[in-house]
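*Asks:* Under the working numbering, residues 2 to 112 are what the sequence shown spells out, in order. Here a beta-carbon is modelled for each residue, glycine too, at the ideal position from N, C-alpha and C. As the structure is a prediction and not an experimental result, all values here were calculated from the model.
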Amino acid sequence: MADQQKESGRSPTAEDSPRQSRSEPVRGPSGAARRACRRLEKLTGHTVDGVSAVHREEDGWRVCVDVLEVARIPDTTSLMATYEVELDEEGRLRQYRRVRRYRRCATDDYC
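#1: Starting from A37, trace the alpha helix (DSSP H) in both directions and tell me its first and last residue.
#2: Rounded to the nearest angstrom, how far is the Cβ of D67 from that of D50, given a contact under 8 Å?
#3: By Cβ distance below 6 Å, which residues in the same chain neighbour V100 in space, the five residues on each side in sequence not counted?
#4: May I ask which residues mark the beginning and end of the beta strand (DSSP E) holding D76?
#5: Within 10 Å of its beta-carbon, does A33 have 16 or more other beta-carbons around it, so buried, or fewer, so exposed?
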């Protein structure tokens, strides 16, 4: 555990232990966003760029996570994607799906 702390530069948390994270409910939108990002990064291997939405649902959370799918030079031509991640009350992944793929420099047509 001490080696883990030295490598990461931070102290271990309940989130680091799979058994403990299952028993602790998600605390607020920022907690849901952090868990969704970690789960998605582990599953896809894509680097998380940010969170564009967090929505509280009756029995969990829906989080839109933006990731870098293909890095290019210049960076404005990199391919990005938005994934919708659904978590239950405990922060366990229910499902995820890619809902949008775009170039980093692209803007939405709607506002």
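*Replies:* Based on what the coordinates show:
#1: For A37, the enclosing alpha helix (DSSP H) covers residues G29 to T45.
#2: 5 Å
#3: T83 and E85
#4: First-last for D76: undefined, no H or E at that position.
#5: Taking a 10 Å sphere around the C-beta of A33, we find 16 or more other C-beta atoms and assign the residue as buried.
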